[in-house]
Amino acid sequence: MKIDISCIKIDTVQKVNHAKYWKGHNSNYFSKKIFNRVSCVAGVTTLICASYYRYVYGDTFNNIPNVLAAKEKGFPQFKISRSIKSKHHPLGVKLTLFQYQTCPFCCKVRAMLDYRGYSYDVVEVNSIWRTQIKWSKYKKVPILVCEGIGEDDYLQINDSSVVMSLFESHLWDNSQSIEKLLTYFPAIESKDTRGKTVYDFPNKYFIMFQEGTPYANDKFLKHKLHDDVRFSLYEACREWNNALQKEPFMGGNSPNLADLSAYGVLSSIEGCTAFQDLLEHTKIGKWYYRTKEAVINHKGIGLQDQFRE
Ligand SMILES: N[C@@H](CCC(=O)N[C@@H](CS)C(=O)NCC(=O)O)C(=O)O
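Under UniProt numbering, the residues of the sequence shown are numbered 1 to 309, in order.
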């Protein structure tokens, strides 16, 4: 069975790009960091949801304008599993996250939303019937819906990395609306070898500012996993730790999107034996619990003010 881990590879680049902005180190430093982080997330993510990466992408792509808007007009109403309330919600719109609780991509998005202090409702999607996302052309979770903006009075944002990059872009520069920013993350539609329609969002690792100028450069990195994926997980986490270079976070003194993504992915296995083993075999625990503490205490609230100083 062939497992395509291209998403994992690119995912890692996002973390590197975000770290690069935040820390402003020179390129050699970052080449090393890129290498370290590639190893880390590849191992972690593959362990958790390797089965989701069996897509082999076709090579004919069609550009489609934007976000795979919902088929029906009006915001789809579903039972809310829980509501996260924050006094400091940085947006004037209501957010609803369609998710699976243990999906690592959904965990990434929740880590970012919690850290930054967004208020949001959670709709748990039934993983067999997926009734709760039948209204959507895009068939994966997470999907984040912003109510009160957009043509149909709601705006659908697909893909965990698009959500994270878009919201970070908005925190940096809120002179551009969420709607406008979303146009900078177009979807690419293609068919996999089984004829299934799949989507990718080539700009998903970029933070956009000044009329949609992508901040970071894209890179494509390959990574080979060990036969025993748990070994790769340990190895990756050790490399992550080394890359920290005695700093508390990849983002320096506070977590950046790299920290939040890696933490989010790892949090999806917290409580499993694999997680316990990971703590015993590596020193990742300190960084993990430090990041967790920052996320659950919404330590990223107000950080946007620093961006604008
Ligand atoms: N690149 C997407 C991947 C999302 C993804 O693969 N989600 C899985 C759940 S972990 C899913 O919805 N799979 C359903 C499917 O592939 O049909 C993201 O980062 O959000």
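Built from N, CA and C at the ideal position, the CB exists for glycine as well.
Beta-ladder partner(s) of residue i, from DSSP
| i | result |
| --- | --- |
| N241 | Paired residues: none, contrary to the question. |
| C107 | Looking at the DSSP assignment, C107 forms no beta bridge with any residue, so it has no partner. |
| D121 | S83, T96 |
| N158 | I143 |
Residue i burial status per 10 Å Cβ neighbour count (16 or more: buried)
| i | result |
| --- | --- |
| W240 | buried |
| Y138 | buried |
| Y289 | exposed |
| Q176 | buried |
| S31 | Residue placement at S31 is poorly supported in this model, since its pLDDT is 43, which falls under 50; the coordinates are not used for a value here. |
| N203 | buried |
| K79 | exposed |
| T96 | buried |
| K140 | buried |
| W129 | exposed |
| G251 | buried |
| D259 | buried |
| R110 | buried |
| E168 | buried |
Reduced DSSP category for residue i - H, G, I as helix; E, B as strand; rest coil
| i | result |
| --- | --- |
| I133 | helix |
| G252 | strand |
| E235 | helix |
| F167 | helix |
| T291 | helix |
| S267 | helix |
| D153 | coil |
| S261 | helix |
Whether residue i touches residue j by CB criterion (8 Å)
| i | j | result |
| --- | --- | --- |
| Y100 | S127 | yes |
| P142 | F105 | yes |
| E179 | I157 | no |
| P255 | T291 | yes |
| I296 | D153 | no |
| V265 | C107 | yes |
| Q77 | F98 | no |
| T197 | K191 | yes |
| G92 | G300 | no |
Proximity test, residue i beta-carbon vs ligand 1 heavy atom, cut-off 7 Å
| i | result |
| --- | --- |
| V141 | yes |
| S160 | yes |
| Y100 | yes |
| C272 | no |
| C103 | yes |
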